[in-house]
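Counting in this note's numbering, the sequence shown runs from 102 upward without gaps.
Built from N, CA and C at the ideal position, the CB exists for glycine as well.
Bear in mind that the values here come from a model prediction, so they are computed numbers and not experimental data.
Below: the structure, in structure tokens.
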Amino acid sequence: MSDIKLGTPPPGVEGAGFFATSLDKVIGLARANSLWPLPFATSCCGIEFMATMGADYDLARFGAERPSFSPRQSDMLLVMGTIAKKMAPVLKQVYVQMAEPRWVIAVGACASSGGIFDTYSVLQGIDEIIPVDVYVPGCPPRPEAILDGIMQLQEIVKNESLNRRNTPEYKALLERYGIQTMIEK
């Protein structure tokens, strides 16, 4: 027998012929391993994401093999590159159109903090307009860093409560970004 474990099951009760766990854990495990990314790339970080999707790094082994270019069919938004202030409403609209639950990764220095572009026309981090779950540092970040960011997001998704999106705290977060009013329109 080999000592290699293919994966660790969620915490639960094991016995001869059965395994019991909570519905939250099963759904979290399924969501974490079937993320559908929406790449929003404007600069050099997008090229690194293309390398991440390639055979050498193979994002497909993490369950995110189907990049979607339709917000309504995505649940993971990867924002890569410089976001001009004129582009901010477009990015916010893409976020609002995404399926719920949705998660955001800011890839690279420009998406995280504006990067070297400390000017009037560049957004100083996408967290000014939409909530961000994971930040991937670098200018541009290596494909390994992008994979690490996706694995961090998988841990967040895996451990997220099914009720989190209905809590007053989450609704207040969306209202702080002005997203609640956009949904109601």
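- When secondary structure is reduced to three states using DSSP, Phe-170 falls in the coil class, being assigned neither helix nor strand.
- Less than 8 Å separates the beta-carbon of Phe-150 from that of Ile-247.
- Listed in chain order, the alpha helix (DSSP H) runs fully inside the stretch 211 to 274 are 244 to 260, counting runs of at least 4 residues.
- Taking a C-beta distance under 8 Å as the contact criterion, Thr-183 and Val-233 do not qualify as a contact pair.
- Here Val-235 is buried, its C-beta having at least 16 other C-beta atoms within 10 Å.
- Secondary structure note for Gly-116: its beta strand (DSSP E) is the uninterrupted segment 114 to 116.
- A Cβ-Cβ distance of about 11 Å is found for the pair Leu-136 and Ala-161, leaving them out of contact under the 8 Å criterion.
- With 16 or more other Cβ atoms inside 10 Å of its own Cβ, Tyr-196 counts as buried.
- Bridge pairing for Ala-121: Val-114 [DSSP].
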